[in-house]
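K.L.:
If you scroll down you'll find the structure; I have some questions about it.
Protein chains: 4
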Amino acid sequence: MAEQVTAEYLEQAFESAKNWGRWGDDDQRGALNYITDKKRAAAAALVRDGAAVSCAQEFATQPAADNPHPALHMMVAAGDACTIPEVPGLETTSDFIGVAFHGMSVSHIDALCHVFVKEQMYNGYPASDVRSTGAVRNSIMAAKDGIASRGVLLDIPRLRGVEWLELGTAIEPDELEAAEEAQGVRAEEGDILLVATGRDARGRSLGRWSALTGMAGLHATCVPWLHERRIAVLGSDGISDAIPGPGAVGWPMPLHQCCLVAMGVHLLDNLKLDSLAEACIEHERWEFLLTIAPLRVEGGTGSPVNPIAIF
Amino acid sequence: MAEQVTAEYLEQAFESAKNWGRWGDDDQRGALNYITDKKRAAAAALVRDGAAVSCAQEFATQPAADNPHPALHMMVAAGDACTIPEVPGLETTSDFIGVAFHGMSVSHIDALCHVFVKEQMYNGYPASDVRSTGAVRNSIMAAKDGIASRGVLLDIPRLRGVEWLELGTAIEPDELEAAEEAQGVRAEEGDILLVATGRDARGRSLGRWSALTGMAGLHATCVPWLHERRIAVLGSDGISDAIPGPGAVGWPMPLHQCCLVAMGVHLLDNLKLDSLAEACIEHERWEFLLTIAPLRVEGGTGSPVNPIAIF
Amino acid sequence: MAEQVTAEYLEQAFESAKNWGRWGDDDQRGALNYITDKKRAAAAALVRDGAAVSCAQEFATQPAADNPHPALHMMVAAGDACTIPEVPGLETTSDFIGVAFHGMSVSHIDALCHVFVKEQMYNGYPASDVRSTGAVRNSIMAAKDGIASRGVLLDIPRLRGVEWLELGTAIEPDELEAAEEAQGVRAEEGDILLVATGRDARGRSLGRWSALTGMAGLHATCVPWLHERRIAVLGSDGISDAIPGPGAVGWPMPLHQCCLVAMGVHLLDNLKLDSLAEACIEHERWEFLLTIAPLRVEGGTGSPVNPIAIF
Amino acid sequence: MAEQVTAEYLEQAFESAKNWGRWGDDDQRGALNYITDKKRAAAAALVRDGAAVSCAQEFATQPAADNPHPALHMMVAAGDACTIPEVPGLETTSDFIGVAFHGMSVSHIDALCHVFVKEQMYNGYPASDVRSTGAVRNSIMAAKDGIASRGVLLDIPRLRGVEWLELGTAIEPDELEAAEEAQGVRAEEGDILLVATGRDARGRSLGRWSALTGMAGLHATCVPWLHERRIAVLGSDGISDAIPGPGAVGWPMPLHQCCLVAMGVHLLDNLKLDSLAEACIEHERWEFLLTIAPLRVEGGTGSPVNPIAIF
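Residue numbers (our numbering), protein chains in the order written: chain A, 24 to 334; chain B, 24 to 334; chain C, 24 to 334; chain D, 24 to 334.
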């Protein structure tokens with residue numbers, strides 16, 4: 024177990040990990056800049072078998088311990104009312120979806136405007152740039168052309184030989200590296216790093232639970248490690264942060280705070296990684312082409328997504 | 024101009040194009056079955072430069088002639104109210120999106136339950152399988168692991184040397200083949216075929232208009248052609264159908280009716296294809312890896328999507 | 024404690040309480056027909072002091088044990104973005120509300136299409152008249168001109184000398200009559216009868232709970248009593264039914280089933296009655312003018328409401 | 024035709040009409056304070072016949088020239104899917120409504136936080152009190168116990184002997200007084216004043232139109248008149264303001280600006296007044312009990328309402 028990290032440590036880690044200005048004073052893409060065309064082409068070249076695996080949960084419309092704000096899915100017209108006056112002869116159905124996607128069980132991407140530290144966003148933009156009508160900077164439109172790169176899965180329960188990590192478990196850098204070694208893979212510049220904690224397995228065995236109760240995630244000391252590795256996007260079957268956090272005042276969720284704000288690293292929350300983990304074992308490799316296609320919502324703080332891995 | 028097609032012609036075309044039972048009596052994936060792992064791997068192998076292009080419109084929240092039912096995008100909390108009692112020290116913003124996506128200006132995919140012919144869906148399932156609580160068959164979950172395959176763009180305005188096709192223009196098979204020849208590409212089994220009509224260019228020049236007024240699209244005689252070519256998915260910057268339709272009673276939108284119901288071909292409506300068309304010219308090829316990642320909505324009749332082409 | 028009621032008893036009670044055809048084969052207003060102009064004028068004549076009291080809960084946007092599907096309230100534009108291009112010089116804010124109001128903590132009225140018994144609604148209309156696009160019969164439009172009549176509150180906790188009734192308590196007709204006698208009031212033809220169970224007091228003391236756990240309400244033997252008294256509308260701070268119900272197969276919620284379907288009595292669920300109860304004590308009378316104004320939603324199964332009592 | 028009013032005139036009118044501090048520095052109810060219990064009792068005493076008339080439009084879910092942001096009404100479960108696992112034996116349907124109600128065709132009430140002048144609300148509260156999470160002052164909760172008072176209808180088309188007023192018509196105080204005289208009624212302290220312009224009749228004859236095109240309403244010179252008369256609430260079948268406005272810079276909608284901000288007078292927009300006008304003629308009186316019951320939305324900028332007049 025690592026020593027407890029302090030607010031001083033985190034302030035220093037935050038400052039050291041800052042990518043502000045690195046890609047220009049007007050940049051809003053942050054670490055997505057690491058994903059060059061060349062990187063993307065190299066990622067596509069990883070595809071051999073062609074098997075595709077989704078990393079997303081089902082759109083969660085039913086209330087549950089981990090879903091206090093259920094998504095909406097309602098039919099506009101079903102099979103019992105499939106004719107429409109505007110187009111005689113057409114039999115059609117349609118539906119409506121609605122979601123405040125930063126909930127606890129919808130797989131989504133966080134835009135860089137989703138979190139502030141001391142009322143500042145990535146690249147120094149002020150909190151007031153996120154207005155009641157939408158974000159005027161750092162919105163999800165930074166990823167409007169999609170995110171495609173090499174995905175790397177680090178499967179920590181597999182490393183430990185357990186089905187899932189206990190709530191509150193904080194994974195430290197040496198454990199990430201141990202997983203790299205065990206799996207024969209190394210997270211590099213421009214990668215989308217996915218860290219599995221076994222959340223779904225725990226839910227299946229013990230029932231679903233509120234994230235406020237606890238989550239396994241990354242230890243705050245992973246911040247410098249992620250920065251050094253030049254990760255483009257970080258994702259998890261949890262929310263990347265271990266809950267409860269380090270207990271340092273002002274830093275309840277250091278991964279969210281340092282990734283989104285300091286580094287400009289977009290986050291993928293509430294992924295479903297068990298199918299992917301199985302596929303990695305089956306294909307005996309933990310790298311793959313990963314594509315993420317956020318909806319193009321002007322001013323949005325993120326998007327529900329269905330990331331697709333191709334082997 | 025082709026002769027007018029009759030209801031008899033369309034009934035025959037529908038019957039001839041039927042893939043019902045082809046992949047089993049329980050199949051709900053339809054022509055997605057054409058996309059094998061091998062096909063997907065071959066599509067990934069097309070990637071050379073790594074450039075990525077989105078084929079989606081912006082999420083359309085403002086009312087317009089072509090957007091009678093605007094999508095909803097509202098902030099749940101903006102920069103002026105970014106603290107939350109549940110997590111002291113966290114500064115965060117969030118938002119809500121909601122959309123009845125089968126509208127006229129949101130890029131979306133149609134599930135196979137979106138259209139019936141004579142109260143039947145693809146593979147013979149009855150209309151009553153689409154209930155007021157969602158579709159129990161042929162929902163968008165057929166594409167839950169995403170759709171990745173070779174994308175082929177046929178750029179008809181370019182072929183004709185115009186900026187856009189006039190409203191009501193119906194593209195016939197020989198013109199599709201002329202475009203193939205001019206572009207040096209051929210649509211084949213398992214491909215995602217995209218047909219550009221110049222809709223965005225027309226809208227920029229003449230203003231946006233209601234789809235009910237007219238749209239360029241495919242002629243009904245393309246149905247046998249698409250079936251023969253074993254296209255997996257069909258998409259357009261319009262809605263694939265030419266509007267007004269052929270005027271044959273019962274067949275207002277033959278492409279929707281024959282693709283979704285007879286062939287089990289998912290459709291992509293209201294794409295934005297001008298950036299893609301430019302990229303094709305720039306890369307001097309009209310084939311690319313195309314990935315589509317519908318949200319995993321149980322019972323859904325489709326999904327808003329942001330298809331990403333990679334060259 | 025009353026003997027357990029059986030399915031036979033309830034079938035008989037249902038049949039005996041049927042008002043089908045009473046106001047014509049085409050009627051969709053049911054017991055609202057008891058509220059004549061004369062009745063309404065008499066109700067208004069009850070007003071003396073002019074004090075007004077709301078019987079509605081706050082619109083519940085936060086998840087809670089009794090609110091699994093929170094209502095939506097989101098700003099469209101707040102003070103930080105109050106100018107609009109359409110009207111230069113105007114500073115304005117606006118918001119959005121959305122709710123599936125038949126939840127457990129939003130005060131609402133049930134339309135007669137909200138419940139069926141054996142796939143029939145009030146007046147014999149079939150379940151298929153409630154389509155995926157809305158109810159074509161028995162919608163809330165039956166009350167489109169509002170409901171104003173004499174309101175009568177029967178305060179059962181006060182009668183018993185307790186703060187609240189225990190979960191599962193089923194109030195029988197003799198207790199309703201005891202409350203009438205104690206309060207010096209008698210529920211009559213065309214009245215809106217409100218029955219207080221102390222739900223809010225219990226919630227304040229013991230915390231909120233899921234209605235599925237249990238609710239105090241009326242015993243099934245109240246059905247003939249309500250029918251005989253010709254009550255126009257029934258309301259409660261619970262959901263009128265005692266939960267769990269009588270345990271008779273097919274009759275989980277006999278009040279909902281017999282009031283809405285047999286009698287055509289609209290129901291008011293999840294009211295807030297503690298302020299009203301205090302006002303009744305203060306004014307020393309348990310009758311008042313009560314007005315209920317459902318939103319005019321064509322095809323709606325009810326409406327959120329804010330019933331107002333005037334003394 | 025009145026002389027054009029200037030910005031100076033309006034600034035003076037605004038200042039003169041200010042009720043800031045009149046009911047205390049903490050007041051958020053504004054002119055609702057004019058409606059005392061005594062006033063409410065007197066209004067109830069107006070009821071003789073007991074006839075009830077709604078003043079609300081149908082919830083407008085279809086796009087139209089005057090409805091660019093249609094309200095949402097969707098079934099959650101209809102007759103084809105009426106059983107629910109939670110309550111075996113229950114057959115039930117339910118629906119969802121959602122609306123950004125400050126649109127042009129939903130009858131609604133404006134809260135005092137809906138409009139600012141120079142970034143101030145009624146009683147001097149700053150615009151920043153209306154946050155992205157809701158209004159912390161001057162929300163619709165000011166009317167949480169409903170609004171019941173004497174309603175007075177001034178029927179201007181009837182006075183003029185026309186079916187409707189032309190777009191842009193601005194009604195001046197002397198015309199309001201002429202209507203009072205013709206109808207034998209006088210708007211007084213605490214009244215809810217409704218002004219009919221014949222909007223619905225015009226729409227039925229000429230088709231619906233965008234409010235931005237033009238609306239009949241009150242002339243800016245009515246502001247001092249309304250203030251002097253101590254009106255509690257103002258409503259119209261339009262939006263009270265004549266459109267286009269007076270052309271004075273900074274004062275595009277003087278009635279909204281002066282009523283909501285200076286006087287603290289809540290507004291009722293987009294009412295349906297033709298049935299009420301007929302009822303007034305039938306009953307030969309233009310005064311009645313009027314009840315308005317906003318939904319109790321904490322932080323809300325208003326509410327859809329169904330005002331009910333009782334004669």
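Note that CB positions come from ideal geometry on N, CA and C, so glycine has one too.
Buried or exposed: which applies to residue 333 of chain A, given that a residue is buried once 16 or more other Cβ atoms fall within 10 Å of its Cβ?
P.N.:
Around the C-beta of residue 333 of chain A, 16 or more other C-beta atoms lie within 10 Å, and the residue is accordingly described as buried.
K.L.:
Considering residue 246 of chain C, what are the terminal residues of the alpha helix (DSSP H) in which it resides?
P.N.:
245 to 252
K.L.:
Taking 7 Å as the cut-off, is the C-beta of residue 205 of chain A nearer than that to any heavy atom in the ligand SAH?
P.N.:
Only the bare structure without any ligand can be found here, which leaves the ligand SAH out of the picture.
K.L.:
Could you tell me whether the Cβ atoms of residue 121 of chain C and residue 325 of chain D are closer together than 8 Å?
P.N.:
Taking 8 Å as the cut-off, the Cβ atoms of residue 121 of chain C and residue 325 of chain D do not count as close.
K.L.:
Would residue 187 of chain C and residue 231 of chain C qualify as a contact pair, given that the criterion is a beta-carbon distance under 8 Å?
P.N.:
No, the Cβ-Cβ distance between residue 187 of chain C and residue 231 of chain C is not below 8 Å.
K.L.:
Tell me the DSSP bridge mates of residue 87 of chain A?
P.N.:
Answer is A:90, bridged to residue 87 of chain A.
K.L.:
Less than 8 Å separating the beta-carbons of residue 260 of chain D and residue 220 of chain D?
P.N.:
Their beta carbons are under 8 Å apart, which means residue 260 of chain D touches residue 220 of chain D by this criterion.
K.L.:
Distance cutoff 8 Å, beta carbons only. Does residue 222 of chain C sit that close to anything in chain D?
P.N.:
no
K.L.:
Measuring alpha carbon to alpha carbon, tell me which residue in D:330, D:195, D:313 and D:239 is nearest residue 63 of chain D.
P.N.:
D:313
K.L.:
Going by C-alpha to C-alpha distance, which of B:203, B:43 and B:252 sits closest to residue 336 of chain B?
P.N.:
Since the first residue shown for chain B is 24 and the last is 334, residue 336 of chain B is missing from the structure and cannot be characterised.
K.L.:
Considering only the beta carbon of each residue, do residue 109 of chain D and residue 138 of chain C sit closer than 8 Å?
P.N.:
no
K.L.:
Using a Cβ-Cβ cut-off of 6 Å (strictly less than) and excluding sequence neighbours within five positions of residue 167 of chain C, which residues of its own chain qualify?
P.N.:
319
K.L.:
Just the Cα atoms here: how many angstroms apart are residue 234 of chain D and residue 52 of chain D?
P.N.:
28 Å
K.L.:
Quick one: which unbroken beta strand (DSSP E) runs of 3-plus residues sit fully inside the region 170 to 254 of chain D? Chain order, please.
P.N.:
170 to 178 and 215 to 219
K.L.:
Select from the region 141 to 165 of chain A all residues with a C-beta closer than 8 Å to any C-beta belonging to chain D, and list them in chain order.
P.N.:
154 and 155
K.L.:
May I ask you to list, following chain order, the residues of the region 124 to 142 of chain B that have a beta carbon less than 7 Å from some beta carbon of chain D?
P.N.:
none
K.L.:
Flag this pair as touching only if the region 87 to 98 of chain C and the region 191 to 200 of chain C have three or more C-beta atom pairs under 8 Å; answer yes or no.
P.N.:
Output reads no: the region 191 to 200 of chain C does not touch the region 87 to 98 of chain C.
K.L.:
Against chain D, with Cβ distances strictly below 8 Å, would residue 24 of chain B count as a contact?
P.N.:
Low confidence applies to residue 24 of chain B: its pLDDT is 43, below 50, so where it sits in the model is not reliable, and the reading given next is rough at best. Residue 24 of chain B does not count as touching chain D.
K.L.:
For the 8 Å Cβ check, are there 3 or more pairs between the region 63 to 72 of chain D and the region 282 to 290 of chain D?
P.N.:
Because the criterion of three Cβ pairs below 8 Å is not met, the region 63 to 72 of chain D and the region 282 to 290 of chain D do not touch.
K.L.:
Would residue 97 of chain D count as contacting chain A if we go by Cβ distances under 8 Å?
P.N.:
yes
K.L.:
Going by DSSP in three states, residue 143 of chain C sits in which element: helix, strand or coil?
P.N.:
strand
K.L.:
Among B:204, B:42, B:59 and B:208, whose alpha-carbon lies nearest the alpha-carbon of residue 13 of chain B?
P.N.:
Residue numbering for chain B in the displayed model covers 24 to 334; residue 13 of chain B lies beyond these limits and cannot be assessed.
K.L.:
Tell me the rounded alpha-carbon separation between residue 239 of chain B and residue 294 of chain B.
P.N.:
13 Å
K.L.:
What is the DSSP secondary structure of residue 53 of chain C, counted as helix, strand or coil?
P.N.:
helix
K.L.:
Enumerate in chain order the residues of its own chain whose CB-to-CB distance from residue 288 of chain A is below 8 Å, with the five nearest sequence positions on each side excluded.
P.N.:
53, 54, 249, 254, 255, 256, 257 and 282
K.L.:
What residues of chain C sit near residue 60 of chain D, judged by a beta carbon separation below 7 Å?
P.N.:
Ordered by position in chain C, the residues that pass the 7 Å Cβ test against residue 60 of chain D are 72, 73 and 74.
K.L.:
I'd like the ranges of any beta strand (DSSP E) spanning at least 3 consecutive residues and lying wholly in the region 94 to 169 of chain D.
P.N.:
95 to 100, 117 to 122 and 131 to 133
K.L.:
Between C:236, C:185, C:217 and C:149, which lies nearest to residue 299 of chain C when the distance is taken from Cα to Cα?
P.N.:
C:217
K.L.:
To the nearest angstrom, how far is the alpha carbon of residue 74 of chain D from that of residue 297 of chain D?
P.N.:
15 Å
K.L.:
Which chain A residues sit within Cβ distance under 9 Å of residue 105 of chain B?
P.N.:
138, 139, 142, 150 and 153
K.L.:
Please tell me whether residue 323 of chain C and residue 162 of chain C are closer than 8 Å, where the distance is taken between their beta carbons.
P.N.:
yes
K.L.:
Quick check on the DSSP output: the beta strand (DSSP E) that includes residue 300 of chain B runs from which residue to which?
P.N.:
Counting along the chain, residue 300 of chain B sits inside no beta strand (DSSP E); it lies in the alpha helix (DSSP H) bounded by residues 297 to 306.
K.L.:
DSSP on residue 311 of chain C, reduced to helix/strand/coil?
P.N.:
Three-state result, residue 311 of chain C: strand.
K.L.:
Taking residue 60 of chain B as part of the alpha helix (DSSP H), name the residues at either end of that continuous run.
P.N.:
Segment 60 to 67, the alpha helix (DSSP H) holding residue 60 of chain B.
K.L.:
Decide if the region 176 to 192 of chain A is in contact with the region 115 to 134 of chain C; the criterion is three or more beta carbon pairs, one per stretch, under 8 Å apart.
P.N.:
no
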